[in-house]
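In order, the protein sequences belong to chains A and B.
FYI, in this note's numbering the residues of the first sequence are 275 to 563.
FYI, in this note's numbering the residues of the second sequence are 3 to 329.
Every residue, glycine too, gets a C-beta built ideally from N, C-alpha and C.
On a predicted model such as this, the values are computed, not experimentally measured, just so you know.
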Amino acid sequence: MHDFESSRIEHGRFKRGFSKLLRNKAACFGGLVILLFLLTAVSAPLIHPKNPNVQDIRHSLERPSWNNLLGTDELGRSILGRIVYGSRISLTIGLGAIALGLIVGVPFGLISGYFGGKIDFIIQRLTDIMLSFPPFLLALGLVSVLGVGLKNTLISVGLSSIPYMIRLVRGVVISIREQVYVEAARAVGTSDGVILYRHILPNVMVPIIVNTTLGMGMAITFAAGLGFLGVGVQPPDPEWGTMLGSGRSLIFAAPHVATFPGLAIFMAVLGFNLLGDGLRDALDPRMKA
Amino acid sequence: MNDTPLLSIQNLKVTFQIYEGVVQAVDDVTLDIGTGETVGLVGESGCGKSVTALSILQLLPRESSRIDGRILFDGRNLVDAGESELRNLRGNAISMIFQEPMTSLNPVLTVGRQIEEAIMLHQGLSLTDARIRAVDMLRLVQIPAPEARAREYPHRLSGGMRQRAMIAMALSCRPRLLLADEPTTALDVTIQAQILELMEDLKEKLGMAILLITHDLGLIAQMASRVIVMYAGQVIEEGLVTDLFHDPLHPYTRGLLGSIPVLGRKFTAGRRQLEEIPGIVPSLFDMPRGCRFNLRCPHVMDVCREKQSPMIQLGPHRRVMCWLKAG
């Protein structure tokens with residue numbers, strides 16, 4: 275019954291936001307790009323039935339042609355096929371990392387902001403420590419501890435997003451905590467847990483959603499960055515950043531090997547950023563006239 | 003009234019630890035409220051009225067505030083009560099209405115939902131029953147089309163309606179004591195009158211006591227049977243409404259009453275213009291020695307600057323803290 279109620283609230287607010295979003299051309303474009311990537315990821319075997327990791331040295335480094343729309347890499351694998359399957363990896367890392375950030379960051383942010391005092395101090399100092407590293411360096415450091423591979427890339431990118439999520443949520447909670455309706459809820463005997471879940475969390479949802487969308491682009495860039503440096507997803511798995519890295523040495527001989535994965539990263543990140551910006555404009559109450 | 007009071011605050015002291023230091027917001031406040039009685043608590047902004055009310059429900063921030071003294075509700079001391087016992091009392095036996103109806107309701111929950119929450123919490127009713135009860139409460143506070151209103155979000159209600167909804171929420175568990183903290187300050191005059199009438203009416207129906215906190219003496223005259231005047235964190239005078247209004251003893255109370263504009267009384271005997279109390283309330287950091295009112299008092303004597311006057315009991319419900327009455 276709680277879910278029913280809260281879904282109804284979200285519904286009303288998001289209906290208004292959605293129509294505003296549709297009027298924003300850039301955001302629609304971003305949404306379309308993401309939708310395209312999602313469809314690609316889901317239907318990868320339909321688009322490219324062949325295993326993207328099977329090598330065919332006879333056809334290595336072919337230029338884009340009708341046989342291979344985006345050409346082949348140094349081991350003769352279709353770049354289109356690898357980008358198509360790579361979208362699965364990139365989206366998995368993006369979603370997984372952000373989910374990790376949410377699962378850890380939101381509760382800690384809520385607790386830190388709502389209770390204040392010693393708990394807040396401890397959580398915030400730990401956050402400070404994490405924030406004192408540039409986020410990419412933090413992810414890189416974590417990967418060097420955890421080891422390479424898809425799972426560890428996901429975990430380290432996710433972990434490095436946690437302090438930002440904590441700070442974001444905490445800031446909003448602090449402003450909501452002082453609202454009279456929170457005091458009123460306490461005055462009728464509502465417990466802290468219920469106040470956090472029912473009164474404060476729904477008010478924090480909008481910034482969380484916006485930040486999650488923008489964070490997806492960030493997570494994909496980070497994952498690609500780690501792949502490019504050779505400490506992310508390992509070959510032969512077709513991760514975009516890894517592909518970009520292996521194409522780097524061939525940039526003059528066969529520019530298409532590095533260019534197309536780069537374009538894929540660029541488009542995915544652009545899509546998430548445009549959609550995130552649009553969502554912020556559409557949902558942020560401060561932007562409402 | 004003659005038997006044990008419903009609420010008895012004894013020597014309440016509230017101090018806040020803030021960045022600049024320690025401030026004493028409430029200093030040695032003692033007051034009683036009998037069952038079914040309406041007591042007015044008046045004073046200027048910042049004199050400790052709201053802090054007193056919040057300390058009854060123990061809603062002050064735990065880390066930065068300190069409460070000393072005793073707050074006996076039905077014989078139980080709320081100052082030592084545990085969090086779960088307090089939660090049980092809040093909204094159930096003691097309810098509170100806040101000053102700002104525009105911000106007292108959560109914008110993302112329906113009005114009905116917020117009332118149901120209190121009902122389910124304290125009455126252990128199912129959602130269906132709580133829903134019926136919530137609509138009943140909205141009907142009781144004379145909200146038109148209560149079924150439809152219950153399903154709406156606060157932004158669709160006007161200020162007066164929201165305050166009614168707040169009252170409905172506060173009264174949904176039939177409290178024995180209602181703390182009304184400036185319940186009509188944010189409303190326009192016609193709505194004020196309606197809300198007051200409604201509160202009177204509900205008080206009769208439910209037999210609850212009300213602690214009416216306000217700076218509006220007209221409101222007190224209309225609703226309360228007894229008045230307590232606070233100044234700079236202290237109770238300085240108490241009396242039945244008739245006594246206090248006809249014969250204010252403390253110079254501050256006199257000043258308060260003198261500063262009310264009265265229609266048509268402009269040029270009558272000796273009252274040429276609106277009187278004012280000179281000066282401002284002293285800062286909590288910088289209280290004058292002796293009587294806290296001595297810097298503004300027209301009758302100030304030497305003793306006032308030296309020592310605080312004792313509380314002088316003049317009758318069962320008549321007391322004043324002033325050297326003028328001490329001799």
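- Straight-line spacing of the CA atoms in Leu-553 of chain A and Phe-526 of chain A works out to 40 angstroms.
- Beyond the five residues adjoining it in sequence on each side, Val-456 of chain A comes within less than 8 angstroms, by CB distance, of Ile-450, Ile-469, His-473, Ile-474 in the same chain, given in chain order.
- Within chain B, the residues whose beta carbon sits less than 7 angstroms from that of Pro-476 of chain A are Val-110, listed in sequence order.
- Between the region 204–222 of chain B and the region 33–40 of chain B, the count of C-beta pairs closer than 8 angstroms reaches three or more; the two stretches touch.
- Bridge partners of Lys-15 of chain B according to DSSP: B:Asp-70.
- Here Arg-320 of chain B is near Gly-241 of chain B, since their CB atoms are less than 8 angstroms apart.
- Residues of the region 398–430 of chain A whose Cβ lies closer than 7 angstroms to any Cβ of chain B: none.
- Look at the region 292–304 of chain A: it has no residue with a C-beta under 8 angstroms from a C-beta of chain B.
- The C-beta distance from Arg-153 of chain B to Gly-114 of chain B rounds to 6 angstroms, short enough to fall under 8 angstroms.
- Neighbours of Ser-449 of chain A across chain B, judged by C-beta separation under 9 angstroms, do not exist; the nearest C-beta is about 12 angstroms away.
- Judged by DSSP secondary structure, Gly-415 of chain A falls within the alpha helix (DSSP H) whose first and last residues are 409–420.
- The Cβ atoms of Ile-494 of chain A and Gly-368 of chain A lie closer than 8 angstroms to each other.
- Put simply, the region 194–205 of chain B does not touch the region 228–237 of chain B. Fewer than three CB pairs are less than 8 angstroms apart.
- Here the region 75–88 of chain B makes no contact with the region 97–105 of chain B; the two share fewer than three CB pairs at distances below 8 angstroms.
- For Ala-497 of chain A, the nearest beta carbon of chain B is not closer than 8 angstroms to its own beta carbon.
- Annotated as distal: Arg-362 of chain A and Pro-326 of chain A, with beta-carbon spacing of 8 angstroms or more.
- The DSSP-derived three-state label of Asn-547 of chain A is helix.
- Distances from the alpha-carbon of Lys-205 of chain B to those of B:Ala-172, B:Thr-187, B:Leu-189 put B:Ala-172 closest.
- Residue state for Val-41 of chain B is assigned as strand, using DSSP reduced to three classes.
- Chain-ordered, the chain A residues with CB closer than 7 angstroms to the CB of Leu-61 of chain B read Glu-457, Arg-460, Ala-461.
- The beta carbon of Leu-344 of chain A sits closer than 6 angstroms to the beta carbons of Pro-338, Ile-353, Leu-354, Phe-534 from its chain, once the five residues preceding and following it are set aside; these are given in chain order.
- Secondary structure note for Gly-50 of chain B: it is in no alpha helix (DSSP H), with a DSSP letter that is neither H nor E.
- Apart from the 5 residues on each side of it in sequence, Gln-19 of chain B sits with its Cβ closer than 6 angstroms to the Cβ of Ser-66 in its chain, given in chain order.
- Sequence-ordered contacts of the region 123–138 of chain B with chain A read Leu-123, His-124, Leu-129 [C-beta pairs closer than 7 angstroms].
- Contact holds between the region 404–412 of chain A and the region 431–439 of chain A, because three or more Cβ pairs, one in each stretch, are under 8 angstroms apart.
- In the pairwise beta carbon analysis, the region 141–161 of chain B is classified as not touching the region 7–16 of chain B: fewer than three pairs are separated by under 8 angstroms.
- DSSP, reduced to helix, strand and coil, places Ile-469 of chain A within a helical segment of the structure shown.
- Where Gly-501 of chain A is concerned, the enclosing alpha helix (DSSP H) starts and stops at 475–502.
- Less than 8 angstroms separates the beta-carbon of Val-283 of chain B from that of Glu-46 of chain B.
- Judged by DSSP secondary structure, Ile-314 of chain B falls within the beta strand (DSSP E) whose first and last residues are 314–317.
- Closer than 8 angstroms to the CB of Thr-192 of chain B there is not a single CB belonging to chain A.
- Residues of chain B whose Cβ lies closer than 7 angstroms to the Cβ of Gly-391 of chain A are, in chain order, Glu-65.
- In the DSSP annotation of this structure, the continuous segment of the beta strand (DSSP E) that includes Gly-241 of chain B starts and ends at 236–242.
- DSSP places Leu-91 of chain B inside the alpha helix (DSSP H), whose first and last residues are 85–91.
- Taking one beta carbon from each stretch, the region 375–391 of chain A and the region 411–425 of chain A have fewer than 3 pairs nearer than 8 angstroms; the two do not touch.
- In chain order, Val-307, Phe-311 place their CB closer than 8 angstroms to the CB of Met-541 of chain A, counting only its own chain and leaving out the 5 sequence neighbours on each side.
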